[in-house]
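For the sequence shown, UniProt numbering assigns the number 1 to the initial residue and increments by one for each residue that follows.
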Amino acid sequence: MAQKKDVEAQKAETASRRPAQEEVIRTRSPHGTPSLRRRRALFTGSAAVLSGAALLLAAGCRTPAPETDRTGAVGFFGEALLHDWQGETDAALQAYRRTVDRDPTAAEAWERMFALHLRAGDLEQAADTAREYLRHTSDSPRPRILLAEALEAGGEREEALASLREAVHQFPSDPAPFRRLIAMHAAAGNWERATRWIDLAFESLDSPPADFYELRSTARIGGAAEEEDAAIKKAARASLEDLAEGLERYPRNPGLHIRRGETLLLLQSREEAAAAFERALEYGDERPEIRARLISIHLGMKRWDAAAEAARPLAERGDTRAADWWVLAGLGALQEGAAEQAAEILRDALALDPEHINAHVALGHAEAARERFAEAERNFAAARRALTSRDPGQATPELDRVYAFALMMQDKTERAADVLADIIRRDRASELGALLDYCLARNETPCRKQLGILLDTLEERFPDNPYPPFYRGYFRYRIEDFETAASAFERVTKLTRDKETEDTLLTAFFHYLYGSARERTGEADAAARLLRRAIDQDPEFAEAYNYLAYMWAEDGVHLDRALELAQKALKLEKDNGAYIDTLGWIYYRQGRYERAREQLERAARLMPDDPTILEHLGDALLKLDEPQLAVEYYLQAHRIDPGNASLLEKLRAQGIDP
C-alpha cells in the first residue's frame, strides 16, 4: 500500500509540472514494474478519453479478473485507442493484444483488434482473433458473428453460415445472429431460406426488433421478384400486412415507414407512399436519400409546389441541394405550362444559390414564356457569365441561342445577330435551326416577324456562308413562303463548295424540301429532278417517293411510274393513310375506279378526319354511280374544311348548297 501511495504522489507531482499540451499515461513495463511514459496529447480532452476507455473495458468484462491484471488492461487499452485513432495499426494491435492478455474478457479490445485485421485485409488473422475471442467468451454470440464475417470475406460461405447457425442455437433469444444469417441468405438471393430463418426468429424472440418486420417484408417481395406482376403485387400486399403489424408495435420507427413507402410504390399508391416517407422524416430519419425519395414522388405526380416544400428543410439547413430540386420542380411546372408557378419556385432556388446556372436558365425560359423578355435576357446573361467565369474558353451555343431569342423579342436585332454570329464562327450554326424550331413552336406572329428580320441580317453579314440562307429557306418553307424558300435553297447550292458542308447541308431532306418548294411554285420538272435526287440519296425515304407519286397523279402524268413509287412508299410504311390515298388517287387517274374506291376507303378508315381523302373517296363514288354516298363524303370533308372551293363546287353540282 505504501508503494501505491508513493506512485500516486509521484503521478500528482508530475501532472502539476507537465505542459498543458501533454499528459502522462500510466502503464506497466514489460516486467511488471510501474513506469511513466510521456505522450503528446491528441486533443485537450485526452484524460476524458482514457476514462471513457476504462468504462468501455469495464463494460466488456464478462467475468471478474484479478485486480492487477484488470488495471494493466485498462492502461494498455487506452494506449491502443490512441494508436488506433492516430492510424498506427501495428502499435494499436500490439496494445490490444496486451489488453486481452491481461483481461481475456475485454470484449471491446477483441472487437477492435478484429476490425483492424479485417480492415487490413488479413482475413486469416481476423478469423483466428474471432476464434480466440470465442474461447474466452461464453455469454455472447458476438465471437461467432465476427468469425462468420471473416469467413464470408474470405469466400468460405458455408463455414460462415455454420458459425451463425451455431450462434442461433446457443443464443435463440438474441436477434443479432438471426439478423446476420438472414442477411447472408438475402444477399445470395436465397429468399426461401431467408424467410425460413425470419419465421424462426419470430418464433424464438420474445419481442422481435423493428428491423425484423422490414426483413420479412423484403423477403416476401424478393421471393416474388422473378415472378409475374400479379405475384409481385400479391407479395407486396402481404408485405404491407407485415409492416402494419410492426407499426402497431413500433409506430414511430422510421425504417418501417420507409419500407412501407417503398412497398406502396410497387402498388402504384404514390399518395400513400408520400405520406409514409413524410412520417419517416417526421420520426427522425433525415437522410438526404429519404427526402429525395419524397421529392421524387411529388415530381412524378406533377405536384410541383409539394416537391418544392419537401425540399425546403434542406434550404433551411443551408443545403444547396434544395436548389437542384427546386430547378427540377420549376422545369416540371414550366413544361406543364405553369410559367408563373415555375418562376416563383426558381426564384427560391436562386435566393439560396445565386450562381446556380440551371436555375438562371430555367427562370429565363419561364420569363420568356410569360413574355417578360427583359427578365429572360437578364437570367440568360447571368447564366452565360457564370459558365464563362468557370471556364473562360467554354462555348455555350445552346445558351447563346436562347439569349439571342430574348434579345430578338425586344427588337434588339443587331445584338442578337452578334450573339448568333459567334455561334456561326464556331461552326455551331445548327443552333440556328433550334432557334427557328423554338420560335415556330410558339406560333406567334411577332416571333416569326423578328426571326425573319434576324435571319435576313445574318445572311447579309455572312454573304459567303451557306448556313444563313439554308435556315432562312427552311423558315420560309415552314411559313409557306415557297418562292422565297426556293430562292434561298438555290443560293445554298451555289455557296456549298466543300464536301464536308455538302454532306451536312445538301442531304436527301434538303433536296426534298427544295423539290417540294419548286412544286409549290409550279416548277414541276425541277421539282421532279430534286425529288429523284432525294430518293437517290436515301432509297428508304418513303415521303419523297409518295410526294413525287402524288405530284404526278395530280398532274395526270407518268402514272405507271407514279404507281411504282407509291407502292415503294407503302412497302416502307404499309399503314400510312396518306400513302394509301396516293395509291387510290393514282388508280382513280388511271380510270380503275373500283380499285381506287377500295384503297380510298382503307385510307379513310386510317385517317377519318382528312378532308382530301374524303373528297377523293367522294370522287371515286361518283364515278361508280353512287352520288348519294359521294355527297355524304363531300359533306364530311366540307365540315372539316369549309373554305375548300373545289368541294363547294362539287356539292352544288349535286344540288347541295351547304
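No residue lacks a Cβ here, since even glycine has one placed at the ideal position from N, Cα and C.
Keep in mind the model is a prediction, meaning the values are calculated, not measured.
- DSSP, read as helix, strand or coil, puts Met409 in coil.
- In summary, Val168 is buried, with 16 or more beta-carbon neighbours lying within 10 Å of its beta-carbon over all protein chains present.
- Between Leu583 and Ala604, the C-beta gap is not smaller than 8 Å, which leaves the two residues out of contact.
- In the DSSP annotation of this structure, the continuous segment of the alpha helix (DSSP H) that includes Met184 starts and ends at Pro175 to Ala187.
- Taking the C-beta atoms as reference points, Ala329 is found nearer than 8 Å to Ala307.
- The Cβ-Cβ distance between Arg312 and Ala323 does not fall below 8 Å.
- Per DSSP, reduced to three states, the secondary structure at Met113 is helical.
- By the neighbour-count definition (other C-beta atoms within 10 Å, threshold 16), Lys449 is an exposed residue.
- Minimum Cα-Cα distance from Asp437 among the listed residues Glu79, Lys412 and Ile479 corresponds to Ile479.
- Put simply, the region 567-575 touches the region 534-549. At least three CB pairs are less than 8 Å apart.
- Boundaries cannot be given for Phe462, as no alpha helix (DSSP H) includes it and DSSP labels it neither H nor E.
- Nearest in C-alpha terms to Arg260, of all of His185, Ala187 and Ala276, is Ala276.
- A residue is called buried once 16 or more other Cβ atoms fall within 10 Å of its Cβ, and Asp391, having fewer, is exposed.
- A buried status is given to Val419, since no fewer than 16 other beta-carbon atoms sit within 10 Å of its beta-carbon.
- From the listed residues Ala126, Thr137 and His136, the smallest Cα separation to Ala148 is found for Ala126.
- In the structure shown, Leu506 adopts coil according to DSSP, grouped into three states.
- Rounded to whole angstroms, the gap between the alpha carbons of Arg142 and Ile290 is 31 Å.
- Asp242 and Ile182 have their C-alpha atoms roughly 17 Å apart.
- Between the C-alpha atoms of Ile656 and Ala637 there is a straight-line separation of about 14 Å.
- The DSSP assignment places complete alpha helix (DSSP H) segments of no fewer than 4 residues inside the UniProt repeat "TPR" (577-610) at 577-589 and 593-606, in order along the chain.
- For the pair Ala339 and Tyr633, the Cα-to-Cα distance works out to about 43 Å.
- Nearest C-alpha to Arg347 among Glu336, Gly332 and Gly364: Gly364.
- DSSP places Ser239 in the uninterrupted alpha helix (DSSP H) bounded by Asp229 to Arg249.
- Contact check for Glu483 and Thr521: beta-carbon distance about 5 Å, within the 8 Å limit, so the pair qualifies.
- For Ser269, the three-state secondary structure derived from DSSP is coil.
- Taking Leu161 as reference, the option from Met184, Pro172, Gly154 and Ser173 with the minimal CA-CA separation is Met184.
- With fewer than 16 other Cβ atoms inside 10 Å of its own Cβ, Thr320 counts as exposed.
- One thing to note: Pro466 has its Cβ no nearer than 8 Å to the Cβ of Leu432.
- In terms of Cβ geometry, Pro175 and Ala150 do not form a close pair [threshold 8 Å].
- Taking the C-beta atoms as reference points, Asp422 is found nearer than 8 Å to Asp400.
- For Leu621 and Tyr547, the gap between their C-alpha atoms comes out near 24 Å.
- With a cutoff of 8 Å on beta-carbon distance, Tyr96 and Arg70 are scored as not near each other.
- Across the structure, Met301 and Leu458 are spaced so that their CA atoms are roughly 44 Å apart.
- With 16 or more neighbouring CB atoms inside 10 Å of its own CB, Val100 falls in the buried class.
- Our two residues, Arg491 and Arg497, have alpha carbons roughly 12 Å apart in a direct line.
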